[in-house]
Amino acid sequence: MFDTVVVATDGSDSVTRAVDVALDLAARFEADVHALSVVDASEVDASPQQLRDELRTALETTSDAALATVEDRADRGVTTAIRDGRPAAEICEYAREVDADVVATGTRGRHGENRLLLGSVAERVVRTSPVPVLTVRQLEPAGDDGGESAVDA
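Be aware that the sequence shown starts at 0, since it is given in numbering that gives the first Met the number 0, and climbs by one per residue.
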C-alpha cells in the first residue's frame with residue numbers, strides 16, 4: 000500500500016514522534032523512506048542583511064542534524080534532502096517528485112508552539128499535498144494531564 004514515505008523534519012522536539020511513526024509505517028510496508036528538511040527562505044529574507052549568511056548557515060546546520068537524527072533512528076537506508084524555500088510548498092513539491100504515497104509531519108514545529116491545533120506548515124501541507132498526510136502530535140510528558148490519550152496521532 001505504501002512504497003514511499005516522506006517524513007518532513009525541522010529538528011524540533013515535536014517532530015520526534017512523527018519520525019518514529021513514519022519509520023514504523025515504512026518498516027511495516029517495506030517502503031522507501033525520504034527525510035526532508037526545508038530551510039525557510041522567508042525566515043532568512045526577513046532577517047537583517049548582515050545576518051542572513053549566518054542565519055542560513057545555522058538553519059542548514061539544523062537541517063543536517065535533523066536529517067542525521069532520522070538516519071540514526073532508521074533500521075534501513077534513508078534518502079535525505081534539504082530544500083530552500085517555503086516549507087509547505089517544498090514539502091508538497093518533493094512529495095510529487097519522489098512519487099510519495101504519504102507525507103508524515105509533526106503538528107508543531109519550531110514556530111508552532113502557540114498554535115492551537117496544527118502548526119502553520121502542517122496545516123498548509125494538509126491542505127495542499129498531492130498525497131495523504133499523516134500528522135503526528137507529540138505526546139505530553141507522563142504525568143502531565145493534557146486530557147489527551149496516547150492513541151491520538
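Backbone N, C-alpha and C define an ideal beta-carbon position, used for all residues, glycine too.
Remember, it's a predicted structure, so these values are computed and weren't measured experimentally.
- Pairing valine 4 with alanine 17 gives a Cβ-Cβ distance that is not under 8 Å.
- Taking the Cα positions, valine 102 is about 10 Å away from valine 32.
- As a beta-bridge residue in DSSP terms, valine 77 pairs with Val32.
- Rounded to the nearest whole angstrom, the CA to CA distance from alanine 40 to threonine 61 is 14 Å.
- About 16 Å separates the Cβ atoms of alanine 99 and valine 135, ruling out a contact at the 8 Å cut-off.
- In the DSSP assignment, valine 69 falls within the alpha helix (DSSP H) that extends over 51-72.
- The three-state reading of DSSP puts leucine 22 in helix, counting H, G and I together.
- Looking from the CA of aspartate 52, the closest CA among Val38, Asp63, Leu133 belongs to Val38.
- By the neighbour-count definition (other C-beta atoms within 10 Å, threshold 16), glycine 105 is a buried residue.
- Burial check for threonine 8: the Cβ neighbour count within 10 Å reaches 16 or more, so the residue is buried.
- Residue range 132-135 is occupied by the beta strand (DSSP E) that includes valine 135.
- DSSP places valine 97 outside both helix and strand once states are collapsed to three, so it counts as coil.
- Annotation: alanine 88 to serine 36 spans about 12 Å, alpha carbon to alpha carbon.
- Secondary structure at alanine 45: coil, using DSSP grouped into helix, strand and coil.
- Between leucine 66 and alanine 25 the beta-carbon gap is near 15 Å, outside 8 Å, which marks them as no contact.
- Distance from tyrosine 93 to arginine 75 at the Cβ level is roughly 19 Å; contact not present, criterion being Cβ atoms closer than 8 Å.
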